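Numbering (this note's numbering), first residue to last: 212 to 426.
Down below is the structure, laid out as structure tokens.
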Amino acid sequence: MAEFTLIIGNKNYSSWSLRPWLWMKHLGIEFDEIIVPLYQPETNEKLSVYFSNDKVPVLLHNNFEVWDSLSICEYVAELFPQNLYWDPKHKAVMRSLCAEMHSSFASLRSELPMNCGRQPSPLAVSDACQADINRIQDLWRHAAKYSDEKAGWLFGSFSIADAMFAPVALRFHLYAIPLDKPAGDYVERLLRHPAMLEWVAAGQAESWIIESEER
Ligand SMILES: N[C@@H](CCC(=O)N[C@@H](CS)C(=O)NCC(=O)O)C(=O)O
């Protein structure tokens, strides 16, 4: 049994689960995973053994439990401090992006659910959703001021911010959202990350359907 166990939802739909899973894969951390399919009659009972209020993701580090995607990402980064950004301004901007991703973009989330199995095609979006899309591109442009452009990730090398925005990049792809060139290039790069390819393929292979997430 590995030192770490990550409890996640369906790979096809669970965008919050993808974030720490991708980050831990990127860091090369070995972990067991337990998939709890969401919105099934037995889902809450299966999740009730954790302290996460019946939500995924949850990380178990031996017997220590951490819940919430951003907290899990930060916890494992602190265990491997070479992955932390110590410049306070740089770190603060990165955390601002992560926190905004974590707390905002309700229209984008509800109108464009993550669904790895969706055949990519355009979908009309509301003004509120378009405002979310525009703001995300503004955030990515802002991050570029702090990055080494050659590396191509939001803040130079791959960081928690890239993991936090990965499901958004996937949504932009799945719903063929028109993007400016740097954002389009970034989405392509993120989707080619080996761990993203692995997650999307696994999501597509699942047979659970959540009707409310299908568009
Ligand atoms: N803010 C939480 C959100 C967790 C969350 O809402 N997870 C969804 C799956 S993507 C969930 O567990 N939904 C089940 C439910 O709400 O009953 C995080 O960042 O981890």
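All residues carry an ideal CB built from backbone N, CA and C; glycine is no exception.
None of these values were measured; they are calculated from a predicted model.
Could you give the first and the last residue of the continuous alpha helix (DSSP H) run that contains residue i?
i    : result
E422 : Neither: E422 is in no alpha helix (DSSP H) and is coded neither H nor E.
L385 : I371 to L385
S315 : Taken as a continuous stretch (DSSP letters only), S315 belongs to no alpha helix (DSSP H), as it is neither H nor E.
H237 : S226 to L238
A416 : P405 to A416
D396 : K392 to L402
Excluding the 5 residues flanking residue i on each side, which residues of the same chain have their C-beta closer than 6 Å to its C-beta?
i    : result
W278 : S263 and V269
G328 : N223 and Q415
P248 : N221 and W419
R352 : none
V411 : C327
Where do the N-terminal and C-terminal ends of the beta strand (DSSP E) with residue i fall, by residue?
i    : result
E276 : F275 to W278
F215 : F215 to I219
E244 : F242 to I246
Near residue i, which residues of its chain fall below 8 Å by C-beta distance, leaving aside the five closest residues on each side in sequence?
i    : result
A354 : V304, M305, L308, L365, F366 and A372
Could you have a look at residue i and say whether DSSP puts it in helix, strand or coil?
i    : result
V336 : coil
G328 : coil
G367 : strand
V269 : strand
V260 : coil
Q341 : helix
M212 : coil
I347 : helix
K222 : coil
Y250 : coil
S307 : helix
S164 : The first residue shown for the chain is 212 and the last is 426, placing residue 164 beyond what the model contains.
L323 : coil
P292 : helix
For residue i, which residues of its own chain have a beta-carbon under 7 Å away from its beta-carbon, when the five flanking residues on both sides are left out?
i    : result
L401 : D373, A377, A380 and M407
F242 : A213, F215, T216, L217 and M235
S318 : S337, A339, C340 and D343
D391 : Q348
E322 : V336, S337 and C340
Quiz prompt | contact_flag[the region 327-344, the region 379-398] where n(CB pairs < 8 Å) is 3 or more | solution = yes
Self-check item: At least 3 beta-carbon pairs within less than 8 Å: the region 234-254 vs the region 278-292
Solution: yes
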